[in-house]
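Down below is the structure, laid out as structure tokens.
2 protein chains.
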Amino acid sequence: MAPIIRVEQIADYVGQEVTLRGWVYNRTHKGKLVFLLIRDGYGFVQCVAFSKDVPAEVFEMAVHIPQESSVLVTGVVRADPRAPGVPGGYEVGITGLETVQAVAEDYPIALKEHGVDFLLDNRHLWIRTQSQWAILRIRATVIRAIRDWLDDHGFTNMDTPILTPAACEGTTTLFGTPYFDEGIAYLAQSGQLYNEANIFAFSRVYCFGPTFRAEKSKTRRHLTEFWMVEPEIAFCDLDELMEIEEQFISYIVQRVLKERGPELRVLGRDTSALERITPPFPRISYDEAAERLAQLAAEAEDPEQKALLAFEWGMDFGSPHETALTQQFDKPVFVYGYPTKVKAFYMEPWPGRPEVCKSVDLLAPEGYGEIIGGSERISSPEVLLEHIHRDKLPEEAFQWYIELRKFGSVPHSGFGLGLERTVTWICGIEHIREAIAFPRTIKRIYP
Amino acid sequence: MAPIIRVEQIADYVGQEVTLRGWVYNRTHKGKLVFLLIRDGYGFVQCVAFSKDVPAEVFEMAVHIPQESSVLVTGVVRADPRAPGVPGGYEVGITGLETVQAVAEDYPIALKEHGVDFLLDNRHLWIRTQSQWAILRIRATVIRAIRDWLDDHGFTNMDTPILTPAACEGTTTLFGTPYFDEGIAYLAQSGQLYNEANIFAFSRVYCFGPTFRAEKSKTRRHLTEFWMVEPEIAFCDLDELMEIEEQFISYIVQRVLKERGPELRVLGRDTSALERITPPFPRISYDEAAERLAQLAAEAEDPEQKALLAFEWGMDFGSPHETALTQQFDKPVFVYGYPTKVKAFYMEPWPGRPEVCKSVDLLAPEGYGEIIGGSERISSPEVLLEHIHRDKLPEEAFQWYIELRKFGSVPHSGFGLGLERTVTWICGIEHIREAIAFPRTIKRIYP
């Protein structure tokens, strides 16, 4: 019996008879030849039935087999540089064909353009399409790269809770659920505060799980449910944090380039833009970014563009600002030292400039914008308490968090990387909703 | 300057001067000697200050430094088989000591026995204790082993949604949250149905994320929020599923043995019970399990035990049944072919025995009980629809799930492994709440 192989292994089987288990992605019939493009979950390969080489019933089956039918295809692997597929360059000369299930109805997703609502309604089928398959394979590689880099650099994976009691920064963007006799539990927007407890036991930690924002944002950069990795590091200041981030991001991108070349080709991604992603990354202060934006606005001739770029010190960046800034660099750019009032209460004040905090965001190039937000955290219990009072947060709910600064406090820093934003950038796609298998947006919770 | 190292690297630095960054776990003063047990997140090591070897102010600092103060300790590494610590066998002769923060208040958790409620209220500090640190280090290794094995065996990591529309099997054990204009969204109890969509695009997939059960169970085996890994496999029947499971579980256990020996010693774990965990695992049918239980009940002399073991064909196993069964084996045991009525609607019926389904649970030895539930899934659209009607489930909500059986259906199987139950068993601990950093139970959502 021929060995059952995966399409991604096909280069190792040239000249041998193999069996593929998969689905009919496309079919072309030209006289005595039938071409079946078979996908098996690991790739796409052209399989050819030539009428004089196979029994008549096998040829007939190949001529008529409907799209998406499940099959076992047996045949001999040939190298052929013209053969389509992913990775491509190989075809299988069919010697046997067995149908597992012949599809009886019309498959809803033909290999043509469909409207996005239709595709999202059929997401359970749309993921079979080559481009969606490629994106989600890249996503899995990004996840593995994230975990491998952290695990290999002394980080301990700690899963922080999703169901949390206190609403740290107001409840308007939080999902809540009744929790037995304990009132309402909120779905966590971050594991950071818990990770700050964890570093005192493990030094370097990360959580990597789903995160929830009940925000009414309807942009191509927002999901209500997304995955975030949040590393937190003891004995680490803002400069070391930026070093860690640039090493981390570069590793992820280079690993995708190494392992997911065929998938990037499916997406038509310009890989030279990814090859440039190596340390160090440029670092500019918020002050400098504000000056650059002022200059861009001054130079803009289009009044609409001038208005979009309008910026004053103290504002947070909007999407047009991020886009304009990232277009000045061909690598991700760090912007550090944001105004205290646009950032969270736990960020360490800049020495001698209390209106500025030791925060740093990382903006992805090509207009993709923010993929990381991070900071050095306040390590003094007195300063932390002062900020909690300043922002009128409930001190009682933060008691355990304040205690971390009383029992062996150390300088520490951390960041959060949005998985889907990172995948969207690496894939070079338009909309974040394709970077997760079953996206959740304010209008969509099905399937 | 001495290199900064982690305690887990100490064996590589014998005879050299190094710096450790960490916290004072314990302190003993005997005349001219002070012993500091330092923990740095990666281990625990004894550091010794001898009055004549260090400046007077360093010795004084060592004599008085409070528990949990953060410090930089510099000194020369010596091998000494008697030295306590984790891994142990090394000590550091202090040459310099720098305090980052001297703790000013009494640390709440002294190194003595505390009540469990007190410890859980102080979970943010309790995780610093050696036993808790060891358990959570083992947990992180279990997670990595799970992911490495799956990633290396052709599984693609797919994150399934937490916020889901349909309540598949009733809403009584579900947490729900208002979701914009879309009604109530429920927190998923499983990613399985979505993974069944995913296998048709990726062949083998897994999800690994938090899972929620609003069950009023208050046992040592239940959490309301726990992590579960759920592999799903195309072209796989029940026998192949059991082969995959026994390879997978054995790999996890052997990897923990290899990488977490010192942590298992901290917990006093009998590692010989873990060394036995190699394939194959015994397989017994539900029918045979029922007979074994009947016999055990008949042989039991204690009337209370006899009553606890009482069992009739058709029942699901309770905790006493699982304990009694697992005590007959020194490896995990598969029990397959449960009655249809105690299992979920999507399980493939046993050929010729519609009252039995192609399900299989894996019970861990030493009385730990169920860690895996799995089955072959129904692949026929007609049979699936029949079961949905039989169980009076809303057909409309399952439309997409039924479609999977129409467009290229294949035999497929999958399972779910509870992370915390697995960690509890491997660590040999009593209660599941210690197998996660911040446990959630029906009475606890803080900190």
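As you go down the protein sequences, you meet chains W and G in turn. Position one of the first sequence corresponds to residue 1 (this note's numbering), numbered consecutively onward. Position one of the second sequence corresponds to residue 1001 (this note's numbering), numbered consecutively onward. We put the beta carbon where it would ideally sit given N, CA and C, even for glycine. No experiment lies behind these values; they were computed from the predicted model shown.
Identified DSSP bridge partners for residue i
{"i": "G:E1232", "result": "G:V1205, G:G1414"}
{"i": "W:R353", "result": "W:W350"}
{"i": "G:N1157", "result": "G:Y1206"}
{"i": "G:G1015", "result": "Answer is none; G:G1015 lacks a bridge partner."}
{"i": "G:K1030", "result": "G:L1033"}
{"i": "W:I38", "result": "W:V24, W:V45"}
{"i": "G:T1271", "result": "According to DSSP, G:T1271 bridges with nothing at all."}
{"i": "G:P1178", "result": "G:I1184"}
{"i": "G:Y1090", "result": "G:A1079"}
Candidates the options: closest to residue i by CA position
{"i": "W:G75", "options": "W:Q399, W:Y336, W:T19, W:I38", "result": "W:T19"}
{"i": "W:I233", "options": "W:F155, W:Q295, W:L187", "result": "W:F155"}
{"i": "W:A102", "options": "G:C1427, G:K1406, G:Q1130, G:G1418", "result": "G:K1406"}
{"i": "W:A140", "options": "G:D1080, G:G1096, G:F1202, G:A1185", "result": "G:F1202"}
{"i": "W:L419", "options": "W:Y90, W:I146, W:L274, W:N157", "result": "W:I146"}
{"i": "G:E1382", "options": "G:E1395, G:G1374, G:E1370, G:G1373", "result": "G:E1395"}
{"i": "W:T326", "options": "W:R377, W:V266, W:Y368, W:G31", "result": "W:Y368"}
{"i": "W:E240", "options": "W:A49, W:S375, W:I429", "result": "W:S375"}
{"i": "W:R269", "options": "W:A83, W:H114, W:V423, W:H64", "result": "W:V423"}
{"i": "G:D1148", "options": "G:V1229, G:D1391, G:A1049", "result": "G:V1229"}
{"i": "W:F415", "options": "W:I432, W:E403, W:C207", "result": "W:C207"}
{"i": "G:S1070", "options": "G:V1054, G:T1099, G:R1078", "result": "G:T1099"}
{"i": "W:P349", "options": "W:L393, W:I372, W:Q254, W:P411", "result": "W:P411"}
{"i": "W:P66", "options": "W:A83, W:G89, W:Y25, W:F50", "result": "W:Y25"}
{"i": "W:I13", "options": "W:V92, W:Y107, W:R421", "result": "The identity of residue 13 of chain W in the sequence shown is Tyr, whereas the question assumes Ile. Checking every option, the nearest Cα to that of W:Y13 belongs to W:V92."}
{"i": "G:E1068", "options": "G:R1128, G:E1215, G:R1390", "result": "G:R1128"}
{"i": "G:F1248", "options": "G:H1153, G:D1302, G:S1285", "result": "G:H1153"}
{"i": "W:K306", "options": "W:I378, W:H321, W:V73", "result": "W:H321"}
{"i": "G:I1432", "options": "G:R1221, G:I1143, G:E1215", "result": "G:R1221"}
Distance cut-off 6 Å: residue i Cβ against heavy atoms of the ligand SAM
{"i": "W:C357", "result": "Among the components of this structure there are no ligands whatsoever, and the ligand SAM is therefore not found."}
Closer than 7 Å at the beta carbon, the chain W residues around residue i
{"i": "G:I1162", "result": "P210, E225"}
{"i": "G:W1400", "result": "H124, P447"}
{"i": "G:Y1107", "result": "F407"}
{"i": "G:S1070", "result": "G408, S409, V410"}
{"i": "G:E1182", "result": "I445"}
8 Å Cβ cut-off: residues of chain G touching residue i
{"i": "W:A234", "result": "R1021, G1041"}
{"i": "W:R6", "result": "G1154, S1203"}
{"i": "W:L404", "result": "H1124"}
Anticipated Cβ contact below 8 Å, residue i with residue j, distance rounded
{"i": "G:D1159", "j": "W:I436", "result": "7 Å"}
{"i": "G:A1487", "j": "G:A1297", "result": "The displayed coordinates of chain G run from 1001 to 1447. Any statement about residue 1487 of chain G would go beyond what the structure contains."}
{"i": "W:V360", "j": "W:L267", "result": "Actually they are not in contact, since the Cβ atoms of W:V360 and W:L267 sit about 30 Å apart, beyond 8 Å."}
{"i": "G:E1225", "j": "G:R1440", "result": "4 Å"}
{"i": "G:F1334", "j": "G:L1362", "result": "6 Å"}
{"i": "W:R78", "j": "W:D40", "result": "Actually they do not touch by this definition, with Cβ atoms about 17 Å apart."}
{"i": "W:L274", "j": "W:I426", "result": "7 Å"}
{"i": "G:Y1179", "j": "G:A1185", "result": "4 Å"}
{"i": "W:G209", "j": "G:P1339", "result": "The pair is not a contact, with the Cβ atoms about 36 Å apart (cut-off 8 Å)."}
{"i": "G:I1371", "j": "G:L1417", "result": "6 Å"}
{"i": "W:L174", "j": "G:I1445", "result": "W:L174 to G:I1445, Cβ: 14 Å. No contact."}
{"i": "W:H29", "j": "W:V63", "result": "5 Å"}
{"i": "W:L97", "j": "W:V73", "result": "6 Å"}
9 Å Cβ cut-off: residues of chain W touching residue i
{"i": "G:Y1179", "result": "F175, A214, T224, R440, I442, I445"}
{"i": "G:E1291", "result": "Neighbours of G:E1291 on chain W: none; closest Cβ ~37 Å, over 9 Å."}
{"i": "G:E1386", "result": "Those within 9 Å of G:E1386 in chain W number zero; the least Cβ separation is about 18 Å."}
Closer than 8 Å at the beta carbon, the chain W residues around residue i
{"i": "G:R1255", "result": "The contacting residues do not exist; G:R1255 stays about 12 Å from chain W at best."}
Under 7 Å from the C-beta of residue i: neighbouring residues of chain G
{"i": "W:I378", "result": "The contacting residues do not exist; W:I378 stays about 13 Å from chain G at best."}
{"i": "W:R137", "result": "T1156"}
{"i": "W:P165", "result": "I1445, Y1446"}
{"i": "W:K273", "result": "Here residue 273 of chain W is Ala; the residue named in the question, Lys, does not match the sequence. Residues of chain G passing the Cβ test: none, with the nearest at roughly 25 Å."}
{"i": "W:A185", "result": "I1445"}
Partner residues on chain G for residue i, Cβ-Cβ distance less than 9 Å
{"i": "W:I371", "result": "By Cβ distance, chain G contributes nothing, its closest Cβ being about 18 Å from W:I371, past 9 Å."}
field: Chain-ordered residues of the region 115-133 of chain W with a beta carbon less than 7 Å from chain G
entry: Taking 7 Å as the Cβ-Cβ cut-off against chain G, the residues of the region 115-133 of chain W that qualify are H124, L125, I127, R128, W133.
task: Compile a chain-ordered list of the residues in the region 76-103 of chain W whose CB is closer than 7 Å to at least one CB of chain G.
output: Those would be V100, Q101, V103, in chain order.
query: In chain order, what residues of the region 195-209 of chain W put their CB closer than 8 Å to some CB of chain G?
result: Residues passing the 8 Å Cβ filter: A197, N198, I199, F200, A201, F202, S203, R204, G209.
message: Can you pull out the residues from the region 145-161 of chain W whose beta carbon lies closer than 8 Å to at least one beta carbon of chain G?
response: Answer set for the region 145-161 of chain W: R147, D151, G154, T156, N157, M158, D159, T160, P161.
query: the region 1424-1439 of chain G: which residues have C-beta closer than 7 Å to a C-beta of chain W, in chain order?
result: Residues passing the 7 Å Cβ filter: I1436, A1437, F1438.
- request: Select from the region 1009-1039 of chain G all residues with a C-beta closer than 7 Å to any C-beta belonging to chain W, and list them in chain order.
  value: So the list reads R1021, W1023, given in the order they occur along the chain.
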